[in-house]
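Residue numbers (my numbering): 5 to 893.
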């Protein structure tokens, strides 16, 4: 049986029911009494204490008529009540609603030796203002709205405050019995024996995690129902309701309010209604109500409806006969509207995207989300492009205990501009089917080379790259070794030569420590390379296909000290081929075996600059000897000569991949210096390196990075520099200096970024390799670069911000991209307008195609965004952070 503990309050409270011998009421009638003034309670001041000490607790009583037990819990041992034949009592102490100390129900002062207490139902914030901050009027404190104070984090931002729940410790009841017990507190009470209890003044009615407060109440212990009037509030974790009057069925967990307002703290959601009902399943149902995610006092936008139902547990709401209001003016009628209140998945329309460009015209996409099951879902997106037609896009996601899978498709039946049907397909899989086994599929294919340039995608994860990957891979990770099986094909969409396909590739890599001193590492690989030889641009050497078996064992030893390290290593490189379609003078089964020896040594000197900065000086010498072997009749399936930079000069092979090795006998000398803070963070580093060759190289035996004809006795100088000027301002540089031409710049890269916080960014880069000596005029035409890139994101005020980008090809006098956008942010909505001109097609460098567009994006707090970003994704490439977080408030 549920028990109603009508207790005498620990401070300034009386018992809501007493024993029959103490009460003048009878089973059929109640004694009329003149209640004491609930708003002003006086009594003798306590000796030397801010709050008076309470006397012994009131005696417990049991009413046989209603079987209602009224026992004061142990936590309220400091209760007091004056002996009286009446149930009302005059107290001399103040009462807090619960164990938390941030919700004062009374404010008390001393007047002529007497305590004078006035009731104060307004909750204070659970977070104190910053030290020295001036108090800010809390006009909506009754809705738990806390306004930031000057000097406090958040002050001066787009949002003037936030919802903060007072610490009431409503969840302190642990057992089922404690959760079901009803506790009543009031200044005065009178009870009809076997009937109802009338409560007046500072009423608290608590059951489990639910708390009701009011000025007046009538409680029926038998039915466990209560009627409350005057400043009624209802609380449970995450929910507050306030109103003029309410009726509560504490047994059924049902509460109804009249002329009420409500707040959901975590969701930043509030609203009002003629009537609000809260059910035991946590549903909140409203009649003639509205909701908004705007702060109190601001109705920039809201949803008003005849019937509103919020499913707090499921994370969504429903509105029937609804209107979307802007500044209290209805702008859109919706017979039915579904909206999320958190991130819980549920079927329904997502917010549309809208854009416009010169080529495509109006572009509208309206995605619909299907929450089919806990482990799979689907997003279907009809997309109308006015100059092209209807595009149907779909993304299906499936997850099980060992894998995550995504299928992306797009189709347009007849593109009016293209003149034919077009489609796109993407398959992605990542899995862990068994212990130590990992699988991956990444398959992308489109109907034609221009699909992504013309249409791109809205919600589909299809990367826009020159060569679309088509990969299937399985990997096993053992103890110190890894085996991988892979198939890797491509679709080339930039008009260039298609890379070799690896169909299949098997690779084994690993390492073992020998006698706790030496490290034995190994790599073994078998790959079959194939390609479409119908491309007439391919040379005779580029038409070769076939298999390659490659092994590369090595043994090394590392001698390390705080001031120096020495690392000798021996490597044997071996590749065996079985070829088809090779030139007539080539062998069908060539092989290449090359021994490599290296000795890498480094010294490290340090000196301090006070207690805060340490400088290191690190000279490094690496001796490399690689046997020279004729590789002119060896195919080049996956190798490419490395660019000249500081680190590549220390590379032992000079090439990526497993086809080419640069024969050399050289010493690479480097010198770098770094500055470290007291915490060990690198503040700056500069370095320069140069290779000295003891013998000539040639094209047949392989060129080293930076070689022109292989007769150079030393390489150009490679320079690097990085400087973290402040934690917010960073500079990086790398370059190549011509050793034979007064250290003229051959290629250079500069990057400067300033990012004091998430909303501020300035980025500037310059790339120039126009001084490089390219192998052919074709390479020069395609790869020569002299470009600038300037980007920024910066707030103009607390609510206005700007974003921009300017990319220019200085060599060809072409604008690559120009973007300028503005953003306005309030506490509950954002709008972004972006204008953009960009290079749309770079397949023909002599005839670059461009497009222009204006893009709008709206973000409504709690609901989501609709519109198009308009090219803002470049910020992710600069910052390395997901820009979706910019939709947060």
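For every residue, glycine included, the Cβ atom is placed at its ideal position computed from N, Cα and C.
First through last residue of the beta strand (DSSP E) which encompasses residue i
{"i": "residue 424", "result": "Taken as a continuous stretch (DSSP letters only), residue 424 belongs to no beta strand (DSSP E), as it is neither H nor E."}
{"i": "residue 793", "result": "790-799"}
{"i": "residue 604", "result": "595-607"}
{"i": "residue 247", "result": "243-253"}
{"i": "residue 739", "result": "733-742"}
{"i": "residue 506", "result": "505-518"}
{"i": "residue 152", "result": "From DSSP, residue 152 is part of no beta strand (DSSP E); its letter is neither H nor E."}
{"i": "residue 235", "result": "229-240"}
{"i": "residue 488", "result": "485-496"}
{"i": "residue 661", "result": "It is not in any beta strand (DSSP E) - residue 661 carries neither H nor E in the DSSP assignment."}
{"i": "residue 401", "result": "393-403"}
{"i": "residue 813", "result": "804-813"}
{"i": "residue 753", "result": "748-761"}
{"i": "residue 324", "result": "320-330"}
When the options are compared against residue i, the one with the closest alpha-carbon
{"i": "residue 503", "options": "170, 640, 333", "result": "640"}
{"i": "residue 312", "options": "353, 304, 266, 300", "result": "266"}
{"i": "residue 213", "options": "286, 435, 154", "result": "286"}
{"i": "residue 868", "options": "835, 692, 880, 844", "result": "835"}
{"i": "residue 533", "options": "520, 527, 524, 552", "result": "552"}
{"i": "residue 581", "options": "568, 471, 555", "result": "555"}
{"i": "residue 648", "options": "700, 844, 741, 282", "result": "741"}
{"i": "residue 342", "options": "156, 361, 659, 308", "result": "308"}
{"i": "residue 499", "options": "493, 541, 516", "result": "541"}
{"i": "residue 769", "options": "219, 460, 809", "result": "809"}
{"i": "residue 293", "options": "269, 270, 325, 569", "result": "325"}
{"i": "residue 758", "options": "736, 743, 752, 748", "result": "736"}
{"i": "residue 260", "options": "269, 184, 233", "result": "233"}
{"i": "residue 671", "options": "681, 603, 833", "result": "603"}
{"i": "residue 601", "options": "714, 629, 679", "result": "629"}
Simplified DSSP state of residue i, which is helix, strand or coil
{"i": "residue 648", "result": "coil"}
{"i": "residue 123", "result": "Low confidence applies here, because residue 123 scores a pLDDT of 44, under 50, leaving its location unreliable; read the following figure in that light. Reduced to three states, the DSSP call for residue 123 is strand."}
{"i": "residue 583", "result": "strand"}
{"i": "residue 547", "result": "helix"}
{"i": "residue 766", "result": "strand"}
{"i": "residue 707", "result": "coil"}
{"i": "residue 380", "result": "strand"}
{"i": "residue 273", "result": "strand"}
{"i": "residue 714", "result": "coil"}
{"i": "residue 375", "result": "strand"}
{"i": "residue 635", "result": "coil"}
{"i": "residue 171", "result": "coil"}
{"i": "residue 824", "result": "strand"}
{"i": "residue 787", "result": "helix"}
{"i": "residue 345", "result": "coil"}
{"i": "residue 654", "result": "helix"}
{"i": "residue 878", "result": "helix"}
{"i": "residue 438", "result": "strand"}
{"i": "residue 476", "result": "strand"}
{"i": "residue 184", "result": "helix"}
{"i": "residue 225", "result": "coil"}
{"i": "residue 564", "result": "strand"}
{"i": "residue 615", "result": "coil"}
Nearest-angstrom beta carbon gap, residue j and residue i [assumed within contact, 8 Å]
{"i": "residue 373", "j": "residue 348", "result": "Between residue 348 and residue 373 the Cβ distance is about 12 Å, and since that is not below 8 Å, they are no contact."}
{"i": "residue 240", "j": "residue 262", "result": "Not really, about 19 Å apart at Cβ, beyond 8 Å."}
{"i": "residue 732", "j": "residue 760", "result": "4 Å"}
{"i": "residue 474", "j": "residue 506", "result": "11 Å between Cβ atoms; not a contact."}
{"i": "residue 255", "j": "residue 228", "result": "4 Å"}
{"i": "residue 328", "j": "residue 338", "result": "7 Å"}
{"i": "residue 724", "j": "residue 684", "result": "Incorrect: roughly 21 Å between the Cβ atoms, too far for contact."}
{"i": "residue 818", "j": "residue 705", "result": "Not a contact, Cβ separation roughly 40 Å."}
Boundaries of the alpha helix (DSSP H) in which residue i is found, first to last residue
{"i": "residue 455", "result": "455-458"}
* To do: Kindly confirm or deny that the segment 609-629 and the segment 577-589 touch, where touching means at least three C-beta pairs closer than 8 Å.
  => Result no; under three Cβ-Cβ pairs closer than 8 Å.
* For the segment 190-210 against the segment 325-336, are there 3 or more C-beta pairs whose distance is under 8 Å? -> No: fewer than three Cβ pairs fall under 8 Å.
* Given 8 Å as the limit, is there contact between the segment 762-779 and the segment 789-801, that is, 3 or more CB pairs closer than that? -> Contact between the segment 762-779 and the segment 789-801 is present: three or more C-beta pairs spanning the two stretches fall below 8 Å.
* Is the segment 430-441 touching the segment 452-459 in the sense that three or more CB pairs, one from each, lie closer than 8 Å? -> These segments do not touch.
* Asked: Would you say the segment 387-399 touches the segment 362-370, given that touching needs at least three Cβ pairs under 8 Å?
  -> Enough Cβ pairs lie closer than 8 Å, so yes.
* Asked: For the segment 562-576 against the segment 587-596, are there 3 or more C-beta pairs whose distance is under 8 Å?
  -> Verdict: no, contact absent.
* Do the segment 161-174 and the segment 182-191 meet, that is, are 3 or more Cβ pairs less than 8 Å apart? -> Not touching, per the Cβ criterion.
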